[in-house]
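Chains as they are written, first to last, in our numbering: chain A, 1 to 125; chain B, 1 to 361.
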Amino acid sequence: MAEYRDDRYYVDSHEWILFDGDTATIGISDFAQEELGDIVYVEADSVGEKLEKGEIFGSVESVKVASDLFMPVDGEVLEFNEDLEEEPELINEDAYAAWIIKIKVSDPEQIEDLLDAKKYQEITE
Amino acid sequence: MNRTILYDEHLALNAKMVDFAGWEMPVQYTGIKDETLTVRQAQGMFDVSHMGEIRILGAGAGEFLDYVLSRKISHKNPELTNYAFLCYEDGGVADDLMVYQLDTDDYWLVVNAANTDKDFAYLEVMLTKYDRQNEILIINETADYGLIAIQGTGSLTPTINALAPIYPDLNISERVEALKRFRQVSFPLDDKRMVVSRTGYTGEDGYEVYLPVTDTIKLWQNLLKENVKPCGLGARDALRLEAGLPLYGHELSSEINPLEAGLGKFVELERDFVGKAMVDKQQRQLIALISQDKSIPRDGYRVFIQDQEIGYITSGSFSPTLNKGIAFALVSTDLAENTTKVEVAIRRKNHIYKITTTPFV
């Protein structure tokens, strides 16, 4: 069974976002990693770019499929979690610890549009 | 949605089920990487009961197949399983299939699940053009048989141990032990049969067992007791691509003929058969590619040399065995002979891929 954590927000494209002041980390949900299966490659070639909510910031690939990653809010991509370069399977092991990018949040009010754990869980069922 | 007789077994093993050509099939149990490596290093089993068995029966059946298939089947050693193509007049492929001779004038075509109904209808039409049509029967026996593939070095012992208790009166052990690669043995049962062939779709040694649906669950459960690991369609696809084997709808289709796909050795062109026209239609060729970085090529990605688009990826995947991206690409035959590298467009960048030979592993 997939796990849902209520310390963070989600979007329906299955990313989570965890706020920490005016920065935030972004990853994919436990449900998403279960659906993808063995993750073998993670890429975020958008470091340094300012992206809007809904834009692609990278991709995550399993043996079978490549899946784009979407910004849950507007922000500047500050950092890619380089541990994932050598060990993409960290996402399978703990999707909520294995953040993919860190961003500077541009518009804190967008938090209103995000899903809480309960609402996100509902759309995955 | 169709289900194989092993559907409940898959659920009991917590398989992730997907729709494959109208069949609800297991794509993975524990994970594609793990399952792929198990077949390379030990033994795995696949439920491929969704594949079609079309029986061609009656006087002149062999000659009918000679005419509709890319190889002259009727004169081959009846113990051999033969890979062949069922083509359209223009040489495009209706299906790639395995031919099993069951008896005199009695054959099985083992066909792709997605194509069973199409092939059956096409063969019926072809039969109306054949002068001995009244003597030949075409029967779709797919629903009567289960099919389990046991793959990996060392598959012989678990296969015999699992089969022998189901058929104590048949001389399973001796006859299966004697089987050489690409050969088959057919055991008659009451009104059906059980067939074992030393074949597969993984590049490893192994066996495929066709048996009445009523016996299929027992075989599956016996194989589990023999510690043969259940593997899903995800691993099956990774394994076949690593082995450099084509998949219908990707490397072969009504638009891609066997010569373009580099499979000319399964086409006997010196005779008359449906699809011979393929010989004049070779504008493209299939090449094998391997990544030079961590990128993974996927179906449909475009292939370039410098700025010129030369073709596209027909099948691409991460290879669990090599830890690299591997692919087949269908490209222009204009490619210079000394070409060793191409570029594959993956999202925002072009990545260098080396042209290699198959099998990849």
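Think of the CB as a built atom: it goes at the ideal place given N, C-alpha and C, for glycine as much as any other residue.
This one's a predicted model, so the numbers in the text were calculated from it and none came from an experiment.
Proximal residues, the stretch 282 to 309 of chain B versus chain A, C-beta separation under 8 Å: So the close ones are K294, S295, I296, R298.
Span separating the alpha-carbon of A/G58 from that of B/T142: 44 Å
Local conformation of B/I32 per DSSP, three classes: helix
Bridge partner(s) assigned by DSSP for B/C231: Secondary-structure assignment with DSSP links B/C231 through no beta bridge to anything.
Within 9 Å of chain B by C-beta, residues of the stretch 60 to 74 of chain A in sequence order: E61, S62, V63, K64, V65, A66, D68
Local Cβ density within 10 Å of B/R236, reported as buried at 16 or more and exposed below that: buried
CB contact check: A/V37 to chain B, cutoff 8 Å: Correcting the residue identity first, residue 37 of chain A is Gly in this sequence and not Val. So yes, A/G37 belongs to the interface.
Short CB-CB distance (under 8 Å) between A/D30 and chain C: Absent from the structure: chain C. Protein chains present are A and B.
Beta-carbon proximity of B/I287 to B/G316, cut-off 8 Å: No, the Cβ-Cβ distance between B/I287 and B/G316 is not below 8 Å.
Cα-Cα separation between A/E79 and B/Y210, rounded to whole angstroms: 54 Å
Exposed unless 16 or more other CB atoms sit within 10 angstroms - verdict on A/E43: buried
Element boundaries [beta strand (DSSP E), containing B/Y140]: Contrary to the premise, residue 140 of chain B reads as Asn rather than Tyr in this sequence. First-last of the beta strand (DSSP E) with B/N140: 137 to 140.
Status (buried if at least 16 other CB within 10 Å, exposed otherwise) for B/R284: When all chains shown are included, B/R284 counts as buried.
Complete beta strand (DSSP E) runs within the stretch 190 to 241 of chain B (minimum length 3 residues, chain order): 193 to 197, 206 to 212
Residue ranges of each beta strand (DSSP E) within the stretch 65 to 90 of chain A, 3 or longer: 66 to 70, 75 to 80
Proximal chain B residues relative to A/Y41, where beta-carbon distance stays under 8 Å: K294, S295, I296, F318
B/K324: first and last residue of the uninterrupted beta strand (DSSP E) it sits in: 324 to 332
Limits of the unbroken beta strand (DSSP E) element including A/F19: A/F19 -> beta strand (DSSP E) spans 15 to 20.
Check whether B/V111 and B/L97 have beta carbons under 8 Å apart: yes
Sequence-distant residues of its chain with Cβ nearer than 7 Å to A/A66 (five each side left out): Cβ-Cβ distances below 7 Å link A/A66 to S59 in the same chain, with the five nearest sequence neighbours on each side left out; the list follows chain order.
Test: B/I32 CB closer than 8 Å to a CB of chain A: At least one CB atom of chain A sits nearer than 8 Å to the CB of B/I32.
Simplified DSSP assignment, three categories, for B/A149: The DSSP-derived three-state label of B/A149 is strand.
CB of B/V344 within 8 Å of CB of B/Y301, strictly: yes
Any chain B beta carbon closer than 8 Å to A/D6: Between A/D6 and chain B, the shortest Cβ-Cβ separation is not below 8 Å.
Boundaries (first-last residue) of the alpha helix (DSSP H) holding B/P297: That residue, B/P297, is in no alpha helix (DSSP H); it is neither H nor E in DSSP.
Three-way DSSP call (helix, strand, coil) for B/L286 in this model: strand
Where B/T128 sits in the DSSP three-state scheme: helix
Given A/S46 as reference, the closest of A/S13, A/Q110, A/A2, A/V77 once Cα atoms are compared: A/V77
Buried versus exposed, by CB contacts within 10 Å (16 or more), A/K64: The residue in question, A/K64, is buried, as its Cβ has 16 or more Cβ neighbours within 10 Å.
Boundaries (first-last residue) of the alpha helix (DSSP H) holding B/S253: Secondary structure note for B/S253: it is in no alpha helix (DSSP H), with a DSSP letter that is neither H nor E.
Assigned secondary structure, B/E177 (DSSP; H/G/I helix, E/B strand, else coil): helix
Beta-carbon contacts of B/N350 that lie in its chain and below 8 Å, excluding the five residues immediately before and after: F304, E343, V344
Beta carbon proximity, A/D45 to chain B, threshold 8 Å: yes
Through-space distance from B/E204 to A/K104, alpha-carbon basis: Spanning the two alpha carbons is a distance of roughly 51 Å.
Host alpha helix (DSSP H) of B/F20 (start-end): Looking at the DSSP string, B/F20 is not in any alpha helix (DSSP H); the run it does join, the beta strand (DSSP E), is 16 to 20.
Spatially closest choice to B/L57 from B/E9, B/T153, B/L109, by CA coordinates: B/L109
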